[in-house]
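This report concerns only the one structure given below.
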Amino acid sequence: MDFELNEEQLMFRDMARRFAEQQMLPTLKECMREERFDPGLIKKFGNAGLLAPHMPQEYGGLGLDYVTSSIIWEELSKISLAMTQAALSGPIQPGTNLLDAGSDEQKKKWLPAICRGDLIFAGAVVEPNAGSDSSLTETTAVKQDEGWLINGNKIFITNGAEADLVIFTAQTDKSKGGRGIASFLVEKGTPGFSQIPQRGKISWRAGSEGTLRFADCRLPMENQVSPPGRGLRDALRGIDTARLFLAAGAVGVSQSCLEASIKYAKERVQFGKPIGGHQLIQGTIAEMAARIEASRWLTYRVADMKSKGLPHIKEMSYAKWFSTETALWVTAQAVKIHGSFGTFDDYPVGRHYQDIITSTILGGTAEIHKLTIGRQLLDISAFT
Ligand SMILES: Cc1cc2nc3c(=O)[nH]c(=O)nc-3n(C[C@H](O)[C@H](O)[C@H](O)COP(=O)(O)OP(=O)(O)OC[C@H]3O[C@@H](n4cnc5c(N)ncnc54)[C@H](O)[C@@H]3O)c2cc1C
Numbered sequence: 013m014d015f016e017l018n019e020e021q022l023m024f025r026d027m028a029r030r031f032a033e034q035q036m037l038p039t040l041k042e043c044m045r046e047e048r049f050d051p052g053l054i055k056k057f058g059n060a061g062l063l064a065p066h067m068p069q070e071y072g073g074l075g076l077d078y079v080t081s082s083i084i085w086e087e088l089s090k091i092s093l094a095m096t097q098a099a100l101s102g103p104i105q106p107g108t109n110l111l112d113a114g115s116d117e118q119k120k121k122w123l124p125a126i127c128r129g130d131l132i133f134a135g136a137v138v139e140p141n142a143g144s145d146s147s148l149t150e151t152t153a154v155k156q157d158e159g160w161l162i163n164g165n166k167i168f169i170t171n172g173a174e175a176d177l178v179i180f181t182a183q184t185d186k187s188k189g190g191r192g193i194a195s196f197l198v199e200k201g202t203p204g205f206s207q208i209p210q211r212g213k214i215s216w217r218a219g220s221e222g223t224l225r226f227a228d229c230r231l232p233m234e235n236q237v238s239p240p241g242r243g244l245r246d247a248l249r250g251i252d253t254a255r256l257f258l259a260a261g262a263v264g265v266s267q268s269c270l271e272a273s274i275k276y277a278k279e280r281v282q283f284g285k286p287i288g289g290h291q292l293i294q295g296t297i298a299e300m301a302a303r304i305e306a307s308r309w310l311t312y313r314v315a316d317m318k319s320k321g322l323p324h325i326k327e328m329s330y331a332k333w334f335s336t337e338t339a340l341w342v343t344a345q346a347v348k349i350h351g352s353f354g355t356f357d358d359y360p361v362g363r364h365y366q367d368i369i370t371s372t373i374l375g376g377t378a379e380i381h382k383l384t385i386g387r388q389l390l391d392i393s394a395f396t
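Position 8 of the sequence shown, counting from 1, maps to 20 under this note's numbering, and the rest follow consecutively.
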C-alpha cells in the first residue's frame, strides 16, 4: 500500500492546475453570471491533451489509470467542477459507453474525434418520467425494414443542445422493462431529431444542459450500439466512470474551500484576533479537513479497484455519496467562515457552494447510492 503520489501523478496534477488557472478561471465568473458554457473550451482541453485522460491511447486518450485521472479531475474541479464536467463529459459517460459497447467501426469512426475535442458527444438516458429508475424509459425504438423509428424525449442532457453526436437509450418492448432497452447513436441535424437548450439553472450555470426530442426520427441499422436488453446495462458502465470523476471533482471542490477558509481565517480579524484563533472556527476547519481526507481516500481506493478491474459497486457508491455530500457540507461551512463576503461570486467558496448541489444529484442521488450499498451489504434489494 503506497499513499504517495508518483512523479507522473504530480506532473499531471500540476499540468491540470495550470490549465484550470489559465483556461477556465478567467471566464468562469462571467460564464456563471450569464449562464453560458463555452464549447470552445472542449477543443482547448483536447489541444492540451487533457480531454480524455482515461481513454485508451489508440482512440486518442492518454491511457492513464483511474487514480491519475481522478487526480486530474480533483485539480480541475478546484476551479470549477461544473465547467470540468461540461468540457470533459463527452469521453466520460457516453465515451466509456461507446468504448465498451460500440462496434470496432463505430469506435474508430467517432472516438478519436471525441477525444481530440473536434466533436461534442452527449449521453442521454434520463427522461421526464424516468430519472433514478431508468427502466421506466418511455422513448420508443420500433424496428422497421431498414432501421429504427424513434419517438420520445430526453431531459437534463449535458451538452444536449450543442452535441454533434448523442448516444441514447430507448425502449424496444415495454413489456420487458429494463430488459427491452437498447441504445443508438444520432447525429445533429438528423430529420426528426431536435436539441433544445434548458435555461434557468440555479447551479452549474457555467455548464450546459438540454432536452432532446425525437419525432418519427429514422435511424439506420448501423446506428444501433447496444442490442435490446443491453442498452441500460452498457449505459450504466459509462455512468460508473462518471460517478468516479464526480467523486474526485467533489474532493477538489472541498479542498479548494478548505484552502480558501484557512487563508481567510488567518486574515480576517474579529474580536481582537484572526477568526482562525477562535476555537469554534478551528473546530470547523479541523472537521472539514478530516472529512475531505476520508473522501479523497474513498475515491482513490475505488479508482484503484476500477483500474485493476476489480468489482467495486459498493465502493463506488461509498465514494460518490460520501464525497459529494461532504462537499455539500464543506462548501456551506466555507461560505459561513467567509461571512457575507462568501455569499458573493468573487470568492471561490461562493461559486462552489452554488454549484455543488448538482453533483449530489446526477450520477445517482445520495438515496440511490445508500440503497445500492444496503443491497450489497444485506443482499436484499430495496428497489423492488
Ligand atoms: C446538471 C445536470 C446534468 C445532467 N446530465 C445528464 C446527462 O448528461 N445524461 C443523462 O441521462 N442525465 C443527466 N442528468 C440527469 C440526472 O442523471 C438525473 O437528474 C438524476 O439521475 C436523478 O433523476 P431525477 O432528477 O429524475 O430525480 P428522481 O429520480 O425523480 O428523484 C427525486 C428524489 O427522489 C429520490 N428517490 C428516487 N427513488 C428513490 C428510492 N427508491 N428511495 C429513496 N429515494 C428515492 C431521489 O434520491 C431524489 O431525492 C443531469 C442532471 C443535471 C442536474
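Backbone N, C-alpha and C fix where the C-beta goes; we use that ideal spot for every residue, glycine too.
Other residues of its chain near residue 225: CB distance less than 6 Å, five sequence neighbours each side excluded: Hits under 6 Å: 165 and 206.
Chain-order list of residues whose beta-carbon lies under 7 Å from that of residue 293 (same chain, five-residue window excluded): 277, 287 and 349
Among 352, 28, 283 and 336, the one whose alpha carbon lies nearest that of residue 80: 28
Segments assigned alpha helix (DSSP H), at least 4 residues, entirely inside the region 91-146: Secondary structure remark: continuous alpha helix (DSSP H) runs of at least 4 residues inside the region 91-146, in chain order: 93-100, 105-113 and 116-128.
N- and C-terminal bounds of the beta strand (DSSP E) containing residue 64: Note, residue 64: premise wrong, no beta strand (DSSP E); not H, not E.
Residue 155 versus residue 187 - alpha carbon distance: 16 Å
heavy atom of ligand 1 below 8 Å from residue 85 C-beta: no
As assigned by DSSP and simplified to three states, the class of residue 322: coil
For residue 351 and residue 358, the rounded distance between their alpha carbons: 13 Å
C-alpha gap between residue 383 and residue 280, whole angstroms: Near 43 Å, if we compare the C-alpha coordinates of residue 280 and residue 383.
beta-carbon residue 379 near ligand 1 non-hydrogen atom, thresh 8 Å: yes
Per-residue DSSP class, three states only, for residue 18: coil
Proximity test, residue 394 beta-carbon vs ligand 1 heavy atom, cut-off 8 Å: yes
Endpoints, beta strand (DSSP E) assigned at residue 160: 159-170
Residue 166 beta carbon near ligand 1 (any heavy atom closer than 8 Å): yes
Distance between residue 218 and residue 42 (C-alpha atoms, nearest Å): 8 Å
Run of the alpha helix (DSSP H) containing residue 239, from where it starts to where it stops: Here residue 239 belongs to no alpha helix (DSSP H), and DSSP marks it neither H nor E.
Straight-line Cα distance separating residue 174 from residue 210: 11 Å
Residue 301 versus 266, 290 and 328, residue with shortest Cα-Cα distance: The residue with the shortest Cα to Cα distance from residue 301 is 266.
Contact test: residue 216 Cβ vs ligand 1 heavy atom, cutoff 8 Å: yes
Residues bridged to residue 177 (per DSSP): 133 and 199
Inter-residue Cα distance where the pair is residue 324 and residue 285: 48 Å
Residue 12 CB to nearest heavy atom of ligand 1 below 8 Å: Nothing can be reported for residue 12: it is not among the residues displayed for the chain, which extend from 13 to 396.
Spatially closest choice to residue 189 from 242, 198, 213 and 220, by CA coordinates: 242
Cut-off 7 Å between Cβ atoms - residues of its own chain near residue 57, not counting five sequence neighbours on either side: 63, 99, 100 and 129
Residues near residue 354 by beta carbon distance below 6 Å, same chain, minus five either side: 347, 361 and 362
Cβ neighbours of residue 259 in the same chain (closer than 6 Å, five flanking residues each side left out): Taking C-beta separations shorter than 6 Å and ignoring five residues to either side along the sequence, the partners of residue 259 in its chain run 311, 331, 332 and 335, following chain order.
Cβ-heavy atom distance, residue 138 to ligand 1, below 8 Å: yes
Which of helix, strand or coil DSSP assigns to residue 331: helix
Residue environment, residue 272, which counts as buried when at least 16 other CB atoms sit within 10 Å: buried
Coil, strand or helix - residue 77 by DSSP: Reduced to three states, the DSSP call for residue 77 is coil.
Rounded distance between the beta-carbons of residue 378 and residue 370, thought under 8 Å: Actually they are not in contact, since the Cβ atoms of residue 370 and residue 378 sit about 13 Å apart, beyond 8 Å.
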